[in-house]
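> Numbering-wise, the sequence shown is residues 4 to 315 according to our numbering. Where a beta carbon is used, it is the ideal one built from N, C-alpha and C, also for glycine.
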Amino acid sequence: MLFAASLLQMPANAAPKKAKRVKPATSHVVSYAKNAEAMQLADAIAEQENLDVKWVRAQMREAKFLPRVVKLMQPGPVGGKKNWALYRSRFVTPLHVDAGVAFWQANKEALQRAEVEYGVPPSIVLGILGVETIYGRNTGSFRVLDALATLSFDYPIEHPRREARVAYFRGELAQLLVLAKQMSREPTSYKGSYAGAMGWPQFMPSSWRKHAVDFDGDGKIDLWQSQSDMVGSIANYFKAYGYKPNVTSRAGLTFQQAMVELENGEDAVTQYPVDDNFFVITKYNNSYYYAAAVLDLGTAIEAQMKDVNAKN
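1. Could you tell me whether the Cβ atoms of residue 267 and residue 86 are closer together than 7 Å?
2. Against chain C, with Cβ distances strictly below 7 Å, would residue 143 count as a contact?
3. Closest to residue 41 by CA distance: which of 156, 93 and 76 is it?
4. Select from 309, 48, 246 and 83 the residue whose C-alpha is nearest the C-alpha of residue 279.
5. Measure the alpha-carbon distance for residue 139 versus residue 70 and round it to whole angstroms.
6. According to DSSP, residue 261 sits in a beta bridge with which residue or residues?
7. What is the DSSP secondary structure of residue 146, counted as helix, strand or coil?
8. For the alpha helix (DSSP H) that contains residue 310, what are its first and last residues?
9. Let me know if residue 306 comes out buried or exposed under the rule of 16 or more other beta-carbons within 10 Å of its beta-carbon.
10. Taking 6 Å as the limit between beta carbons, can you name the residues of its chain near residue 296, skipping five residues before and five after?
11. Using only the alpha-carbon positions, how far apart do residue 68 and residue 314 sit?
12. Would you decide whether residue 303 is buried or exposed? Buried here means 16 or more other CB atoms lie within 10 Å of its CB.
13. First and last residue of the alpha helix (DSSP H) that includes residue 180?
14. According to DSSP, residue 68 sits in a beta bridge with which residue or residues?
15. Would you call the CB atoms of residue 202 and residue 226 closer than 7 Å?
16. To the nearest angstrom, how far is the alpha carbon of residue 53 from that of residue 310?
17. Could you compute how far the alpha carbon of residue 65 sits from the alpha carbon of residue 78?
18. Rounded to a whole number of angstroms, what is the C-alpha to C-alpha distance between residue 299 and residue 113?
19. Exposed or buried, residue 126, counting other C-beta atoms within 10 Å across all chains shown (16 or more means buried)?
20. Verify whether the separation of the beta carbon atoms of residue 56 and residue 47 is less than 7 Å.
21. In this structure, how does DSSP classify residue 86 when only helix, strand and coil are distinguished?
22. Put residue 133 into one of helix, strand or coil per three-state DSSP.
23. Can you give me the C-alpha to C-alpha distance between residue 29 and residue 137, rounded to a whole angstrom?
24. Quick check on DSSP: helix, strand or coil for residue 207?
25. Measuring straight from C-alpha to C-alpha, what distance separates residue 220 and residue 235?
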């Protein structure tokens, strides 16, 4: 078991030497079927997760190298200033708000129940679904098996956090295979983002296994089709990370008395009011800009929902 765990967490530069691979032509798809490192990881996953080694090796042979995933994971330019106003404008739009209101109207019971059971208000759940996939409009078209394999064995060499990221994606690859077994589903059938996130909430395989819930009670978890499962799973995720309704800081201050600075390019920074729950949202995506966009979108949806209810 120690051998298996060490392979799953092995830094890229400490891994066994890769089988040499010819650079793929545009018409030729390169798989990991003959990649010695991939087969070693398959053996480690099988041992650690108590899976049939022949089955795991067979799935690994199906994994394909995706050059576009490598390109998308390249580190961004160093030294450039972020722009909160521009970032916000991509997510707090009439399309996002209208779609959020429609989702709220269609899922009132599930949203209310999630708030009671997990303490997470509808605005947070709706903010996440809107920022992540615009309520299912963009869930990703990459085969998750391919994306995770590519990031496990061919992560960009120039990335400053390559070793840690390789270890992370190898863990997610293992979790995908376990999830597929549990759901009696072929690993190649999962589609998602270039980083391996799936469904409307864009859960990584490990988050799916830890936090996704059968909120509609139909005996299965479906984050592509069941909107109730999506609602319950997001709320459960945040509760697990410490989301608390109506709490004050340890110093006894109200939430709004704490601030973070958000850059606006060459313009003055925005002083954004935050609370402890703001930092819980960053567990979903480790970015202040992301958390602020989720909150602002949720607030806009909530305001429009109140207007709609007032007119009816």
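This is what the structure gives:
1. Counting from one through the sequence shown, the residue named residue 267 turns up at place 264. Counting from one through the sequence shown, the residue named residue 86 turns up at place 83. Yes. Within cutoff.
2. Given the protein chain composition of this structure (a single chain), no chain C is represented.
3. Position 38 of the sequence shown, counting from 1, holds the residue named residue 41. Considering only alpha carbons, the answer is 156.
4. Within the sequence shown, numbered from 1, the residue matching residue 279 stands at position 276. Among 309, 48, 246 and 83, the Cα nearest to that of residue 279 is on 246.
5. Along the sequence shown, read from residue 1 onward, the residue named residue 139 stands at position 136. Along the sequence shown, read from residue 1 onward, the residue named residue 70 stands at position 67. If you take the alpha carbons of residue 139 and residue 70, they lie about 25 Å apart.
6. Here residue 261 is taken as the residue at index 258 of the sequence shown, counted from 1. In DSSP, residue 261 forms a bridge with 277.
7. Within the sequence shown, numbered from 1, the residue matching residue 146 stands at position 143. Strand, per DSSP.
8. Here residue 310 corresponds to residue number 307 of the sequence shown, with the count starting at 1. Residues 291-314.
9. On the sequence shown, residue 306 is found 303 positions in, with the first residue counted as 1. Label assigned to residue 306: exposed.
10. Your numbering for residue 296 matches position 293 in the sequence shown. The beta carbon of residue 296 sits closer than 6 Å to the beta carbons of 91, 94 and 134 from its chain, once the five residues preceding and following it are set aside; these are given in chain order.
11. In the sequence shown, residue 68 corresponds to position 65, counting from 1. In the sequence shown, residue 314 corresponds to position 311, counting from 1. One C-alpha to the other measures close to 54 Å.
12. For the purposes of this step, residue 303 is taken as the residue at position 300 of the sequence shown. The residue is buried, with at least 16 neighbouring Cβ atoms inside 10 Å.
13. In the sequence shown, residue 180 corresponds to position 177, counting from 1. Residue 180 -> alpha helix (DSSP H) spans 165-185.
14. Working through the sequence shown from its first residue, we reach residue 68 at position 65. Paired residues: none, contrary to the question.
15. Taking the first residue of the sequence shown as 1, we reach residue 202 at position 199. Taking the first residue of the sequence shown as 1, we reach residue 226 at position 223. Yes, Cβ-Cβ distance for residue 202 and residue 226 is below 7 Å.
16. Sequence index remark: in the sequence shown, residue 53 carries index 50 (1-based). Sequence index remark: in the sequence shown, residue 310 carries index 307 (1-based). The straight-line gap from Cα to Cα measures roughly 54 Å.
17. On the sequence shown, residue 65 is found 62 positions in, with the first residue counted as 1. On the sequence shown, residue 78 is found 75 positions in, with the first residue counted as 1. So the two alpha carbons sit approximately 28 Å from each other.
18. Indexing the sequence shown from 1 puts residue 299 at position 296. Indexing the sequence shown from 1 puts residue 113 at position 110. Whole-angstrom Cα-Cα distance: 22 Å.
19. Along the sequence shown, read from residue 1 onward, the residue named residue 126 stands at position 123. Classification for residue 126: buried.
20. Position 53 of the sequence shown, counted from the first residue, corresponds to residue 56. Position 44 of the sequence shown, counted from the first residue, corresponds to residue 47. It is not a contact, given that the beta carbons lie outside the stated cut-off.
21. Looking up residue 86 in the sequence shown gives position 83. Looking at residue 86 - three-state DSSP - the assignment turns out to be strand.
22. Position 130 of the sequence shown, counted from the first residue, corresponds to residue 133. The answer is helix: DSSP assigns residue 133 an H, G or I state.
23. Here residue 29 is taken as the residue at index 26 of the sequence shown, counted from 1. Here residue 137 is taken as the residue at index 134 of the sequence shown, counted from 1. Low confidence applies here, because residue 29 scores a pLDDT of 37, under 50, leaving its location unreliable; read the following figure in that light. Approximately 32 Å between the Cα atoms of the pair.
24. Translated into the one-based positions of the sequence shown, residue 207 becomes position 204. In the structure shown, residue 207 sits in coil (DSSP, three-state: anything other than H, G, I, E or B).
25. The residue given as residue 220 occupies position 217 in the sequence shown. The residue given as residue 235 occupies position 232 in the sequence shown. Answer to the nearest angstrom: the Cα atoms are 11 Å apart.
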